[in-house]
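Quick notes on the structure that follows.
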Amino acid sequence: MATMEESKRETGMEMKAKGLVPQKPPMEFSLEYDPYTLKATEYNICSCARPHMRAFHLAWTSFLTAFIAWFSFAPLGPAIKETLGLKKSDILWGNIASVLSTVFARFAVGPIMDNIGPRKGQAFLLMFAAIPTWFAGLINGVASLCIVRGLIGIVGATFVGCQFWCTLMFEKEIAGTMNAIAGGWGNLGGGLTQAIMVGIFAMNTASPSCDNECGWRNAFYIPAFALMASAICVLAFGDDCPQGTYTPPIVTEEEAARKKAGVQAVASNFQVWVLVLQYAACFGMELHVNNTIALYYYNRFDLTITTAGLVASLFGLMNLFARAWGGMLTDFCYSRWGMTGRKYCHVLLTCGEGIFLVVFSRMPNLGAAIFMMIIFSLFVQSAEGSTFGIVPYVDPKNTGGVCGFVGAGGNIGAVVWGFLFLAVPSFADGYLILGFIVFAIGLIGIPTIWVEDTSHRKGSTVMDNSIEGMDKSLEGKMSSVNLKSVAGQV
2 MATMEESKRE TGMEMKAKGL VPQKPPMEFS LEYDPYTLKA TEYNICSCAR PHMRAFHLAW
62 TSFLTAFIAW FSFAPLGPAI KETLGLKKSD ILWGNIASVL STVFARFAVG PIMDNIGPRK
122 GQAFLLMFAA IPTWFAGLIN GVASLCIVRG LIGIVGATFV GCQFWCTLMF EKEIAGTMNA
182 IAGGWGNLGG GLTQAIMVGI FAMNTASPSC DNECGWRNAF YIPAFALMAS AICVLAFGDD
242 CPQGTYTPPI VTEEEAARKK AGVQAVASNF QVWVLVLQYA ACFGMELHVN NTIALYYYNR
302 FDLTITTAGL VASLFGLMNL FARAWGGMLT DFCYSRWGMT GRKYCHVLLT CGEGIFLVVF
362 SRMPNLGAAI FMMIIFSLFV QSAEGSTFGI VPYVDPKNTG GVCGFVGAGG NIGAVVWGFL
422 FLAVPSFADG YLILGFIVFA IGLIGIPTIW VEDTSHRKGS TVMDNSIEGM DKSLEGKMSS
482 VNLKSVAGQV
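Counting from 2, one number per residue, gives the positions in the sequence shown under our numbering.
See the structure below:
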């Protein structure tokens, strides 16, 4: 039987064979970490210490700010529609423009961030979007509405930076949780913007000299300023990765040609497209609902603009915890049943989303509609978290690219759902049809999701059975303290 020292030496040799060697941290870390990657193996939400937790908080707050600006038009839709004399279809075209531009931005940003890192890419997107947001009050028709919303929609690509940043900072065993919390808290902006923008609108119109048109035209300066402030914070206070300054992944000469074709490698991966479809059913649904729900309540239940916006905000506010629940649930299922657990966790959440959307669309009164919307929202956002619990395992060397493609899938879904609403007589009928579509997509995941476990920590160390209380393998659970002791023997 191999001795403990021999087992440790074998583990060190296995790590080196995989191209992993112990690294020296550039600063003192407050969290336990894997010495081979410097990624954190734990997290502390109440900490803002560099580099891991500060990057986490900058990731989600920058995405939240982007989300607020991105959907700042939605709660003001009724006022914009009435003062500019627009039709329902004109508002829907503006919604489509806002998510269609994000599709192209997310496809482009993923590979770019693989080369420059998440911090610079995130800051650029925020600064760019601040410009059209500042001038949003100048729109005067459907054409200018679509153009401005399309330009602002590019900021939706900050989701890629948010998820990529967390993936660089945390080990895969907790990446599902951290990506889910960061993405969920960022998506919280979809609920906050409903309340914030109608609040600004109400504040503006409280002045006797400011009518509804004045109220919405002067409501966009605050989100524009917030975008610039967030960009400055990302640049000034963040670290790209645990090593400090980001450098593109180092590959051998044999791999150089393949690396240059990273986008093609991601695009040709069937599992990437499976997750694109799955994400279209959850995040795409969330984007579409964020764009339409206030107008739905305003028209169907005859509410005021302010009340419709506040009710609609409840859908997005579930992101405070719902997406994190999805990430934690998929991590738990992974610890019990491996990647099969992640797969069926996601399938169940997606099917549940479809079922409750169908029920929500049939609710005849306001109270019942609000209750079912909240239940539906919990499943939507949990499914988003479970999707990105799978993403880090698809193609580890092109994780940024995978994040970009899958993230864009959400926007593709929102675009398709927007076109569907152009063809249905009412929003209620549209939600009904979408519920059945989402349920079918969830079922499709059963035969099509088969991602392998690519974690180097899974079963990487065999412990001596003669030592009482020691596990036989890391199984993705052992702390960095144990790995450090192994590294010290190499």
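Built from N, CA and C at the ideal position, the CB exists for glycine as well.
> Does the pairing of the segment 395-405 with the segment 306-326 give three or more beta-carbon distances under 8 Å?
Replying inline: no
> Which word fits S467, buried or exposed, when buried means at least 16 other C-beta atoms lie within 10 angstroms of its C-beta?
Replying inline: Bear in mind that a pLDDT of 32 at S467, under 50, signals an unreliable position, so the number given afterwards is only what the model happens to contain. Exposed, since its Cβ has fewer than 16 Cβ neighbours within 10 Å.
> What residues in its chain sit with their C-beta under 6 Å from that of V161, if we drop five residues either side in the sequence?
Replying inline: R107, V110, G111, C404, G405 and G408
> Which value, in whole angstroms, describes the spacing of the CA atoms of F1 and G245?
Replying inline: For residue 1 there is no data in the structure shown, the boundaries of the chain being 2 and 491.
> Among the residues of its own chain, which have a CB less than 8 Å from the CB of L421, if the five just before and after it don't count?
Replying inline: In chain order, G431, I434 and L435 place their CB closer than 8 Å to the CB of L421, counting only its own chain and leaving out the 5 sequence neighbours on each side.
>> Which same chain residues end up closer than 6 Å to V149 when comparing Cβ atoms and leaving out the 5 residues on each side of it in sequence?
In response: P133, A137 and I140
> Three or more C-beta pairs closer than 8 Å, one from the segment 77-89 and one from the segment 267-279: is that the case here?
Replying inline: no
>> Give me, in chain order, the residues of the same chain whose beta-carbon lies closer than 6 Å to that of A232; leave out the 5 immediate sequence neighbours on both sides.
In response: Closer than 6 Å at the Cβ level, and outside the excluded window around A232, lie A124, L127 and M128.
>> Taking 8 Å as the cut-off, does the segment 370-388 touch the segment 347-355 (at least 3 CB pairs, one atom from each stretch)?
In response: yes
> The alpha helix (DSSP H) spanning R120 covers which residue range?
Replying inline: P119 to W135
>> Let me make sure I understand the geometry here. Which of F202, W71, I447 and P393 has the alpha-carbon closest to that of E174?
In response: P393
> Out of curiosity, what's the CA-to-CA distance linking M5 and D396?
Replying inline: A caution first: M5 carries a pLDDT of 48, below 50, which makes its placement in the model unreliable, though a value can still be read off. Spanning the two alpha carbons is a distance of roughly 33 Å.
> For C49, which residues does DSSP report across the bridge?
Replying inline: DSSP, once it has assigned bridges, lists no residue as partnering C49.
> The alpha helix (DSSP H) spanning G431 covers which residue range?
Replying inline: F428 to T449
> Around the Cβ of K344, are there at least 16 other Cβ atoms within 10 angstroms (buried) or fewer (exposed)?
Replying inline: It counts as buried.
> Leaving out five residues before and five after H53 in sequence, what residues of the same chain have Cβ atoms less than 6 Å from its Cβ?
Replying inline: L32, A41 and M170
>> Under DSSP, the alpha helix (DSSP H) around P224 begins and ends at which residues?
In response: Y222 to F238
> Can you tell me whether M329 is buried or exposed, with buried defined as 16 or more other CB within 10 angstroms of its CB?
Replying inline: buried
>> DSSP three-state label for T245, please.
In response: Rather than Thr, the amino acid found at residue 245 in this sequence is Gly. The answer is strand: DSSP assigns G245 an E or B state.
> Between the C-alpha atoms of A282 and V199, what's the straight-line distance to the nearest angstrom?
Replying inline: 28 Å
>> Does A207 come out as helix, strand or coil in the three-state DSSP assignment?
In response: coil
>> Below 8 Å on the Cβ atoms is my contact criterion, and I expect T38 with E172 to pass it. Report the Cβ-Cβ distance as a whole number of Å.
In response: 7 Å
> The alpha helix (DSSP H) spanning D332 covers which residue range?
Replying inline: A323 to W338
> What does a CB cutoff of less than 6 Å around A370 pick up in its chain, not counting 5 residues either side in sequence?
Replying inline: The answer, listed in chain order, is M364.
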